[in-house]
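Residue 79 in UniProt numbering sits at position 79 of the sequence shown; the count goes up by one each step and never skips. C-beta atoms are modelled at their ideal positions from N, C-alpha and C, and glycine is treated no differently. Here's the structure, in structure tokens; my notes come after.
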Amino acid sequence: MKTMREHIYLAALLHDIGKFYQRADTGSVKTSRYLKEHCKDESSFCPLFNGRYSHKHVLWTAQFIDEYRSVFQKLVKEDFDDWTNKNNLINLAAGHHLSNEQLSEWGALIKEADCLSSGMDRNSEIALRDEQDENTNWDAFKKKRMISVLETVGLSKAELENEKCQWHYLPVESLSLHKRCFPQSDKSEGDPDYLKLWEQFLNEFKFIQANTYHAFSETLLNLLFKYTTCIPASTINFPDVSLYDHLKTTAALAVCLYDVRQSEEKPENPFLLIGADLSGIQSYIYQVVSKYAGKNLKGRSFYLRILSDSIVRFLLKELGLFQANVVYNSGGGFYMIAPDTTATKTRLEKAVKKIEQQLFKIHGTALFVAIDSVSVSKDALIHASGENLQKVWKELFEKREQKKCAKFASQIEEHYEAFFMPIEHDDTVGRDVVTGEDFLPGEKYVSEGELKPLKQITKDQIVLGRVLRESEIMVISTESIAYWADKKMIEPGGLGFHYYFLQKEDLYAMQKQLRASADKVSVITLNGKNGNCDFMSKIDGINNIYGLEFYGGNEIGEKEMPTFEDMCNKHIAKDAFKRLGVLRMDVDNLGQIFQQGILSERATLSRYAALSRSFDYFFSGYLNTIWKENFPEQSFIIYSGGDDVFIVGSWEITIKIAERIRNDFKQFTCENPVFSLSGGIAIVSPKFPIMKGAEESDGEEKRAKGHQNSGQTKNSVSFMGMPLNWEREFPQVQSLKDEIVAANAKNRLPKSFISKILSHLANAEMENHKIKAIKTYWMITYDLSRMCSRISDSSVRNMINCCKTEVCTNNGSLNGQPIETDYHLLELWAMACRWAELEIRQKSSNNV
1 MKTMREHIYL AALLHDIGKF YQRADTGSVK TSRYLKEHCK DESSFCPLFN GRYSHKHVLW
61 TAQFIDEYRS VFQKLVKEDF DDWTNKNNLI NLAAGHHLSN EQLSEWGALI KEADCLSSGM
121 DRNSEIALRD EQDENTNWDA FKKKRMISVL ETVGLSKAEL ENEKCQWHYL PVESLSLHKR
181 CFPQSDKSEG DPDYLKLWEQ FLNEFKFIQA NTYHAFSETL LNLLFKYTTC IPASTINFPD
241 VSLYDHLKTT AALAVCLYDV RQSEEKPENP FLLIGADLSG IQSYIYQVVS KYAGKNLKGR
301 SFYLRILSDS IVRFLLKELG LFQANVVYNS GGGFYMIAPD TTATKTRLEK AVKKIEQQLF
361 KIHGTALFVA IDSVSVSKDA LIHASGENLQ KVWKELFEKR EQKKCAKFAS QIEEHYEAFF
421 MPIEHDDTVG RDVVTGEDFL PGEKYVSEGE LKPLKQITKD QIVLGRVLRE SEIMVISTES
481 IAYWADKKMI EPGGLGFHYY FLQKEDLYAM QKQLRASADK VSVITLNGKN GNCDFMSKID
541 GINNIYGLEF YGGNEIGEKE MPTFEDMCNK HIAKDAFKRL GVLRMDVDNL GQIFQQGILS
601 ERATLSRYAA LSRSFDYFFS GYLNTIWKEN FPEQSFIIYS GGDDVFIVGS WEITIKIAER
661 IRNDFKQFTC ENPVFSLSGG IAIVSPKFPI MKGAEESDGE EKRAKGHQNS GQTKNSVSFM
721 GMPLNWEREF PQVQSLKDEI VAANAKNRLP KSFISKILSH LANAEMENHK IKAIKTYWMI
781 TYDLSRMCSR ISDSSVRNMI NCCKTEVCTN NGSLNGQPIE TDYHLLELWA MACRWAELEI
841 RQKSSNNV
């Protein structure tokens, strides 16, 4: 029965491929360029509705499978000409709109999974409607573009139904990490070119030469990711869910329904939503104490990325699930949908115990993964009987948080001494020179170049960071590969998954050997060359799984990882003022968005999958584009995933990066006010311990999260101890800073101006943004009036007069420009002066 299970998974992945194919066809059923006569038989696959056959996209699904029967016959040992077999691939994939009486048991199961993925009762009126209406403009659906799911978050039903709303639409093209893939407000680019996209898809589909279900289906899933994330799954109601997310979740639910059916159990809730969060990521990354921190941070960060990935792969293996069952996996957190059977829950409990044991064995109490699950009913998926996915997500979040509050509970029972008895250390060796960790008695140390002593895992992470930037692909195997013994291999968490980092040439040289390891090897391209997301080619088509994953920061601008001092030294004189910026950012209120952002009646599994995938695209993928286009020599991405960002670089560059990330994120989310970013930047000496720098940036980020502006919090950036609202304060303060710097560069501004403003703020006895020392008003009036009397430049004189007036009247303008702020204007003038002072010190040193 394993073959039937895989058969159902593949059929579910393909069930709506006809929606893609049909859009590429300029004709109707009668005038189609592609449909063969035997595939035009509407009575075989199309349901009757109001006296007409509907849902004709299934004919193109049948045509696709029939057209590529030579590909599918390598997997499916069946007669493709026998359409009377209701369990053949064509009938299972194309028959999902027929009545249950016309379908086999497994065909009805795929039909049910299709409806559950869409959040529809299969007997409801909307489930019977077709996006193709031949009574009107029958091909109008082919011209409709997909709306980003991010634009719909937080909107009411009335807002969603507002015909006057100007939506943003996704361009119809293959996935890439370029801004042209962002939602666009301009619809003037003409009709979508589905034909071009379909032909590109077929060119790569032909390269899938696997002859096993598993390798073929998982590679197909990854190819669908590249080509169908911009295609709406349906245009009947609201086209904000992609065909990819619908196909993926349908396949996942179909497998779950199959397992429940085979278990002969009849659980009230047939599904299990599993959620996990890897705790300790931030402190683990930052726990480096030496000047060589830069050499270790990248590998340390990526190690956590593949550790989380290994945990996901281990769970999939132990539960017998597919990649489609993973709803989301990024930033150390993941969710997957599984069948709620006794066997699954038993295997899950055993797998979680194994994972916790391995993490404790290797990392002690530094890392902990909180894994929990909640049952999910069919009613919750279709928001019926008062149930919905919002409640499910909330319950899972709460259970997972409770698990975090009881970290290491099972390990404490089994390893009491490790927690409560003194631990002996080998004082003869010293400590790991990078992390500062002690060596245990008998633990051998290693070295890496001039670095010693090192723990083995520290060396592995240093080497990992180096090979990562030289590698094009990541190969993951369930066993060590002897013919790549000379390549760097790491087995994160000791969970049985071996990671190799290679060039394309390494694959070409070992094609025959790889072909012999079918289903055991996954070949993953990170981001694709120049962000094009390509991962398939003719020579790659060997019998393993090929795919694409996003990772923030797998490249650097130099051959060698720069030290923090190197980044600060770029393009400035040796004696210049040097400071390092440590930037941390994340999305505001993300947990609340997941739990409440989507209307309960629209909260479908496919929509949650689309929302999660969108965040991963931006933070794990597109962030590389921002970095490479602007700041590759003076910064690097230490960590980016989920909704978190950690970047180090020259101090002024990190401010620019933060601004660019925020602006592009605003555009990516269609300027939806529900979404905002807050960040903190610590400005420190390049020799300052990165662990302390990370703590300071965390403090700055918390200031940003707590910053209030006109009754609203968050949506801010904080540096030098002062948070600024991104929209209402940062641009105005930045503009004022630029004017101060420009005036100083031309020797028009007295050198004492900055120091006087800072001195007056220090003596103002500011309390709740109000000046308590009244003498500040007449002192600043006196000082600035005298200063103006000695200045001939009218623009500088005007700026100083603005400062005097605004500080004394607090009149709601900054340097003559309106500003909405809770700060006293003296505070903002001082902030602009401090910021300008840093730039002036750097530039003046550079000109020496």
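Option nearest residue i by Cα separation, candidates the options
i	options	result
S415	Y258, F141, E6, G364	Residue 415 is actually His in this sequence, not Ser. Of the listed residues, the one whose Cα sits closest to H415 is G364.
P232	L224, S242, G299, I90	S242
V246	S537, F45, L611	The residue asked about is misnamed: residue 246 is His in this sequence, not Val. Nearest option by C-alpha distance: L611.
P183	P731, T669, N798	T669
D25	L48, K56, L14	K56
N237	T152, K404, D82	T152
D586	F675, E671, L297	F675
K705	F550, D486, G721, S99	G721
L348	T31, F80, L321, A366	L321
K394	A406, K407, A380	A380
T346	E318, T229, I774	E318
Y9	L396, G711, L220, N329	L220
F314	S785, A351, E401	A351
G449	V433, H7, R261, G442	V433
N214	L13, E767, Y244	Sequence check: residue 214 is His here, not Asn. Comparing Cα-Cα distances from H214 to each of L13, E767, Y244, the minimum goes to L13.
T228	M146, K157, V260	M146
S185	W167, S32, V172	W167
L155	C46, I593, G531, S54	I593
E199	Q503, Q22, Q456, Y244	Q22
L195	Y782, T3, G18	G18
S678	M567, S697, Y546, K628	S697
E839	K756, N811, A743	A743
P731	K746, F64, I655	I655
Range of the contiguous alpha helix (DSSP H) that encloses residue i
i	result
A682	Where A682 is concerned, there is no enclosing alpha helix (DSSP H), although the beta strand (DSSP E) it sits in stretches over 677-684.
T31	It is not in any alpha helix (DSSP H) - T31 carries neither H nor E in the DSSP assignment.
E739	730-745
residue 902	With the chain running from 1 to 848 in the structure shown, residue 902 is simply not present.
H18	The sequence as given places Gly at residue 18; His does not occur at that position. That run of the alpha helix (DSSP H) goes 17-24.
R797	794-809
I355	342-363
Buried or exposed (CB count within 10 angstroms, at least 16 for buried), residue i
i	result
H769	exposed
N388	buried
E105	exposed
A409	exposed
Y508	exposed
D340	buried
P673	exposed
I774	exposed
A140	exposed
D616	buried
M120	buried
G442	exposed
S330	buried
W835	buried
Range of the contiguous beta strand (DSSP E) that encloses residue i
i	result
Y335	333-339
H498	498-502
T821	Counting along the chain, T821 falls outside any beta strand (DSSP E), and DSSP gives it neither H nor E.
I371	368-376
G547	545-549
K452	451-454
Y169	Unbroken run through Y169: none, as it is neither H nor E.
I774	Careful: I774 lies outside any beta strand (DSSP E) and carries neither H nor E.
G591	Looking at the DSSP string, G591 is not in any beta strand (DSSP E); the run it does join, the alpha helix (DSSP H), is 590-596.
Y194	Premise fails: Y194 lies in the alpha helix (DSSP H), 194-205, not in any beta strand (DSSP E).
Assumed close pair residue i, residue j - CB separation to whole angstroms, cut-off 8 Å
i	j	result
F302	L495	F302 to L495, Cβ: 17 Å. No contact.
I681	V521	42 Å between Cβ atoms; not a contact.
S117	S614	Wrong, their Cβ atoms sit about 18 Å apart, outside the cutoff.
N663	N527	Not confirmed; about 21 Å, so no contact.
L272	S373	5 Å
Fully enclosed by the region 632-695, which beta strand (DSSP E) runs are 3 residues long or longer? 635-641, 644-650, 677-684
As an exercise, report each continuous alpha helix (DSSP H) stretch of at least 4 residues that is fully enclosed by the region 225-304, in chain order. 243-263, 281-286
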